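Student: Take this structure, written in structure tokens, and hold onto it; I'll ask about it next.
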Amino acid sequence: MITPDLESGVKVWHLVKNHEHGDQKEGDRGSKMVSEIYLTRLLATKGTLQKFVDDLFETLFSTVHRGSTLPLAIKYMFDFLDEQADRHGIYDTDVRHTWKSNCLPLRFWVNVIKNPQFVFDIHKSSITDACLSVVAQTFMDSCSTSEHRLGKDSPSNKLLYAKDIPNYKSWVERYYADITRMPAISDQDMNAYLAEQARLHSTEFNMLSALNEIYSYVSKYSEEVGLNAPAGERAQFF
1 MITPDLESGV
11 KVWHLVKNHE
21 HGDQKEGDRG
31 SKMVSEIYLT
41 RLLATKGTLQ
51 KFVDDLFETL
61 FSTVHRGSTL
71 PLAIKYMFDF
81 LDEQADRHGI
91 YDTDVRHTWK
101 SNCLPLRFWV
111 NVIKNPQFVF
121 DIHKSSITDA
131 CLSVVAQTFM
141 DSCSTSEHRL
151 GKDSPSNKLL
161 YAKDIPNYKS
171 WVERYYADIT
181 RMPAISDQDM
191 NAYLAEQARL
201 HSTEFNMLSA
211 LNEIYSYVSK
221 YSEEVGLNAP
231 AGERAQFF
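Residue numbers 1 to 238, in UniProt numbering, belong to the letters of the sequence shown in order.
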């Protein structure tokens, strides 16, 4: 990008102009051109990815658009949160909504969206990371109960999905409501479910590898662990 300069005649910029040079006014027009070009590309890219983002959000925030039924653990956990709210006299729906969002979407799913390399054996480039950050931020905004006030100075990643977030929020509310209406899970059913999951994945857990990780941690912090161990066991750490 080349913009006029009073002294040298021209000034060369990279694709993104450094905003730290706010005292140089002559490059404002060129900077605006760069912003307009990128805005067009952002909107075009968003349009290309829109279906995939919609499919992702609809799958995560639906009890019927899944390859399998809703895990019992989610229903059990959400019912537990509702029971605790009733016990402590918390009837504000926004509080209950926030509890559920913090326990599942914002605790688990947003981390997977932002870091797919945690699940898949892939390399995440810096460009991919930036794109996923926008999707993750949209996901977090969709789980929020507060109203997002946007203006001309709001970041582009916020403005990009501003019109879609109200629709996504309705999906989140419907998802929580659908789970609430599902039949309750008894403690016996939950214990049986956990036992079955442990059996199904018993061969996937390497006990020796886990013990080695614990040993490495204890070896590194043996003094601290020993000082906090029961008096009769401290000698084992020194």
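Note that CB positions come from ideal geometry on N, CA and C, so glycine has one too.
These numbers come from a predicted model, not from an experiment.
1) Assess contact between the stretch 211 to 222 and the stretch 96 to 104, defined as three or more Cβ pairs (one per stretch) separated by less than 8 Å. Is contact present?
2) Could you check whether the stretch 101 to 118 touches the stretch 150 to 161, counting it as contact only if at least three pairs of C-beta atoms, one from each stretch, sit closer than 8 Å?
3) Below 6 Å CB to CB, which residues in the same chain sit around Met182 once its five sequence neighbours on both sides are set aside?
4) Kindly indicate the opening and closing residues of the alpha helix (DSSP H) around Ile74.
5) Give the secondary structure of Thr69 by DSSP, where H, G and I count as helix, E and B as strand, and everything else as coil.
6) Would Arg96 be called buried (16 or more neighbouring beta carbons within 10 Å of its own) or exposed?
7) Evaluate the contact criterion for the stretch 160 to 167 versus the stretch 130 to 145: three or more CB pairs, one atom per stretch, below 8 Å.
8) If you follow the alpha helix (DSSP H) that Ile214 is in, where does it begin and where does it stop?
9) Along the alpha helix (DSSP H) that carries Asn157, what are the first and last residues, could you check?
10) With DSSP run on the structure shown, which of helix, strand or coil describes Ser170?
11) Within the chosen definition, does the stretch 54 to 61 reach the stretch 84 to 95 through at least 3 CB pairs nearer than 8 Å?
12) Identify which residue in Asp55, Val53, Leu72, Val64 has its Cα closest to the Cα of Ala195.
13) I need the boundaries of the alpha helix (DSSP H) containing Met190, first residue and last residue.
14) Could you check how far apart the C-beta atoms of residue 240 and Pro116 are, in whole angstroms? I think they sit under 8 Å.
15) Identify whether Glu224 lies in helix, strand or coil by the three-state DSSP scheme.
16) Can you name, in chain order, every residue of its own chain whose Cβ lies under 6 Å from the Cβ of Tyr193, other than the five neighbours on each side?
17) Nearer than 7 Å: is that true of the beta carbon of Val135 relative to any heavy atom of the ligand ADP?
18) What does the alpha-carbon distance come out to for the pair Trp171 and Gln50?
19) Just confirm the distance between the C-beta atoms of Thr69 and Asp178, as a whole number of angstroms; I'd bet it's less than 8 Å.
20) I'd like the span of the alpha helix (DSSP H) that includes Ser133, first residue to last.
Tutor: Considering the structure as presented:
1) Contact fails between the stretch 211 to 222 and the stretch 96 to 104, because fewer than three Cβ pairs, one in each stretch, are under 8 Å apart.
2) Between the stretch 101 to 118 and the stretch 150 to 161, the count of Cβ pairs shorter than 8 Å is below three; the stretches do not touch.
3) Excluding residues up to 5 positions away in sequence, Lys75 lie with their Cβ nearer than 6 Å to the Cβ of Met182 in the same chain.
4) Per DSSP, the unbroken alpha helix (DSSP H) holding Ile74 starts and ends at 72 to 87.
5) Correct three-state label for Thr69: coil.
6) Counting the other CB atoms within 10 Å of its CB gives Arg96 a total of 16 or more, which places it among the buried residues.
7) With the cut-off at 8 Å, the stretch 160 to 167 and the stretch 130 to 145 touch.
8) In this chain, the alpha helix (DSSP H) harbouring Ile214 covers 207 to 220.
9) From DSSP, the alpha helix (DSSP H) with Asn157 extends over 156 to 160.
10) Of the three classes helix, strand and coil, the one that applies to Ser170 here is helix, per DSSP.
11) Short answer: they don't touch.
12) Selection Asp55, Val53, Leu72, Val64 evaluated against Ala195 yields Leu72 as nearest (Cα-Cα).
13) That run of the alpha helix (DSSP H) goes 187 to 200.
14) With the chain running from 1 to 238 in the structure shown, residue 240 is simply not present.
15) The answer is helix: DSSP assigns Glu224 an H, G or I state.
16) Residues of the same chain with a CB within less than 6 Å of the CB of Tyr193, apart from the 5 flanking positions on each side, are Leu72 in chain order.
17) Among the components of this structure there are no ligands whatsoever, and the ligand ADP is therefore not found.
18) Answer to the nearest angstrom: the Cα atoms are 16 Å apart.
19) Thr69 to Asp178, Cβ: 12 Å. No contact.
20) Its alpha helix (DSSP H) spans residues 126 to 143.
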